[in-house]
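Residues -28 to -1, 1 to 399 (mature numbering (1 follows the signal peptide of the UniProt record, and there is no 0)) make up the sequence shown, in order.
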Amino acid sequence: MNHAKKRGLLILMILCLVVSLFPMQALAASASVSASPSSVKPGATVSVKVTFKGTNIGAVQGKFSYDSSVLQYVSGSGTHSNGNIVLYAGGSGQSSLSTTITFKALKAGSATISVSASEILDWDYNSLGTAKGSAKVTVQAASTPKPSPTKTNKPATSTPKATKTSKPATSSDKASASPKASPTATVTASPSPTPVPVTVKVGDKELQVANTLEGVTLPENFVAGQAAYNGAAVPAALDEQRGISLLYLLDEQNAGSFYVLNAAGDGVYPYVQMTSGGTYTILQKEDSVSAPEGYAETTLSIGEQTVAAWQLEGQTAPDFYLVYAMNASGTKGWYTYDAAEGTMQRYVERTAVIEKEEPAEETAGPEQVAPEAPKENPGFFAALTGNTGVLITVIVLVVLCIGLAVTLFILWKKGKKPPFTDNGPQE
């Protein structure tokens, strides 16, 4: 091996040593966006599922945009009407984070829902890069039914017989009888009776129950059926497993939204579904259920809907609310809702005991706190010391590279011969 080859191999080993000191990035993240259904009519709802994929994904921050003249934002876990998206993983080892954004179709046209993630982190706070995706929704023009023509029978007309006159009429002649015209008969088909509309009072608005759910996109796990509202059978979307009935109510512009029928069957409240590590439906609290001590009732706006909520009296975090909801398995209970991040967590009642006289021995139980956001990236060397497996691997690589470099250097030195020997200069 000549001197040039030895030098090249030495440089290559040094480069390998330098490269091994840099953190290895995980596979790049990706995003997918799908709309269901992709074609609707005005007043119907559209569910847009957004999924971010990445190795050991931990958090996503991004935005979404759409044509607000065609679609109207309704709700979506981890999303806001201003177009922000913030999602967190519930634990390590996840390969994807997803949310479903619900829109309502306003008028005929097409709209593209574009989603972009400006920052995607894994569970160890390493960047997975950025990702984006989009989906198109078409809103078809509402069809106007043609009026049924009124059936009218053509009247029968009789032609009078001509009177034969042989001579001028005299007073002795019998008077000729003029033929009588047949009466005209007109038959009009009776129109089918129009069903009496059922109206519902919601706040200061008077809404009408849709007389059919045909062409309306039903929420997941709901089927078309009937429910009793004030004793009248009306079309409804039913979730028999969880015992929830939804009425589709129309406003003056014929735009519709789903509302939950209360247990008594004499009132409704907005249907709001959240997805945050699970699927939750906001409910109206029963009279037999009491809010936790120290919480005062208020209202909370989620998308375009307003629901009942509770806040801790005197708290310094105005973005946190307590809501009464049902999970996907049908279990009801209290949940903490973070209005800033759009996340839900099961509420666990805690108490706090503070000894004011002896501050040094002050003991207090943990207070309810907001979900912990991802910490700042501690850097490669800080993360390296916290991961024993990676640290051992890097140390072994460094030792091997140093040993190989020393070996090559020794071989290179041995290969060099002295310019003079005992017998004089070399020939």
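We put the beta carbon where it would ideally sit given N, CA and C, even for glycine.
Small disclaimer: the values here were computed from a predicted structure and weren't measured.
message: Measuring straight from C-alpha to C-alpha, what distance separates Leu(-8) and Val366?
response: Residue placement at Leu(-8) cannot be trusted, given a pLDDT of 49 that sits under 50; what the coordinates show is reported in the next sentence. One C-alpha to the other measures close to 7 Å.
task: Could you spell out the range, first to last residue, of the beta strand (DSSP E) harbouring Tyr307?
output: 304 to 310
- request: Can you tell me which of Leu43, Arg214, Leu59, Ile73 puts its alpha carbon nearest to the alpha carbon of Asp94?
  value: Leu59
- request: Identify whether Ala209 lies in helix, strand or coil by the three-state DSSP scheme.
  value: strand
query: So who's on the other strand from residue 400, going by DSSP bridges?
result: Any property of residue 400 remains undetermined from this structure, which presents the chain solely from -28 to 399.
- prompt: Should Pro242 go down as buried or exposed, given a rule of 16 or more other Cβ atoms within 10 Å for buried?
  reply: So Pro242 ends up on the buried side.
message: Is the beta carbon of Gly48 closer than 8 Å to that of Ile85?
response: no
- request: Kindly indicate the opening and closing residues of the beta strand (DSSP E) around Thr84.
  value: 81 to 94
field: Assigned exposure category for Lys76 - 16 Cβ within 10 Å defines buried
entry: buried
field: Touch test, the stretch 289 to 305 against the stretch 61 to 68, Cβ-Cβ under 8 Å, three pairs minimum
entry: no
- prompt: CB-CB under 7 Å to Glu178, same chain, minus the five flanking residues each way: which ones, in chain order?
  reply: Thr171
query: Should Ser99 and Thr23 be called a contact, given that it needs their Cβ atoms to be closer than 8 Å?
result: no
Inter-stretch contact at 8 Å, needing at least 3 Cβ pairs: the stretch 299 to 309 / the stretch 252 to 265: yes
Inter-residue spacing [alpha-carbon to alpha-carbon] between Lys385 and Ser68: Straight-line Cα distance between these residues: approximately 55 Å.
field: Separation of Ala208 from Gly237, as counted between CA atoms
entry: 12 Å
query: Between the stretch 7 to 20 and the stretch 199 to 215, do at least 3 Cβ pairs fall closer than 8 Å?
result: no
Inter-residue spacing [alpha-carbon to alpha-carbon] between Ser6 and Ser88: Between Ser6 and Ser88, the C-alpha separation is close to 14 Å.
task: For my contact list, Asn226 and Gly81 are in at a C-beta cut-off of 8 Å; report their separation, rounded to the angstrom.
output: 16 Å between Cβ atoms; not a contact.
Residue of Ser37, Tyr220, Asn299, Gly266 minimising C-alpha distance to Glu186: Ranked by Cα distance from Glu186, the first of Ser37, Tyr220, Asn299, Gly266 is Tyr220.
Range covered by the beta strand (DSSP E) that runs through Gln283: 277 to 284
- prompt: Run through DSSP, which three-state label would Phe230 get?
  reply: strand
message: Using C-beta distances below 6 Å, list every residue in its chain close to Ala113, excluding the 5 sequence neighbours before and after it, in chain order.
response: Ala80
- request: Would you tell me roughly how many angstroms separate the C-alpha atoms of Leu233 and Val111, rounded to the nearest one?
  value: For Leu233 and Val111, the distance between alpha carbons rounds to 28 Å.
message: Since Glu265 and Trp282 should fall inside the 8 Å C-beta cutoff, what is the C-beta to C-beta distance between them, to a whole number of angstroms?
response: Not really, about 11 Å apart at Cβ, beyond 8 Å.
task: Quick one: grab the DSSP three-state call for Gly55.
output: coil
message: I need the straight-line Cα distance from Arg318 to Ile57, nearest angstrom please.
response: Each residue's alpha carbon lies about 21 Å from the other.
message: Considering just the uninterrupted stretch of the beta strand (DSSP E) at Thr110, what are its terminal residues?
response: 99 to 111
- request: Enumerate in chain order the residues of its own chain whose CB-to-CB distance from Ser4 is below 6 Å, with the five nearest sequence positions on each side excluded.
  value: Thr23, Gly105
Backbone secondary structure at Val370 - three-state DSSP: helix
- prompt: Going by beta carbon distance, what residues of the same chain come within less than 6 Å of Gly203, once the five residues before and after it are set aside?
  reply: none
task: Counting only the same chain and skipping the five closest in sequence on each side, list residues whose C-beta sits under 6 Å from that of Gly34.
output: These residues qualify, in order along the chain: Ile57, Ser88, Ala89, Ser90.
Which of helix, strand or coil DSSP assigns to Leu380: helix
query: Three-state secondary structure (DSSP) at residue 400?
result: Nothing can be reported for residue 400, as the shown portion of the chain is limited to -28 through 399.
message: Which residues does DSSP list as the beta-bridge partners of Gln245?
response: Thr253
task: Could you check if Thr247 is buried or exposed, using at least 16 other CB atoms within 10 Å of its CB as the buried criterion?
output: Here Thr247 is buried. Its C-beta has 16 or more other C-beta atoms within 10 Å.
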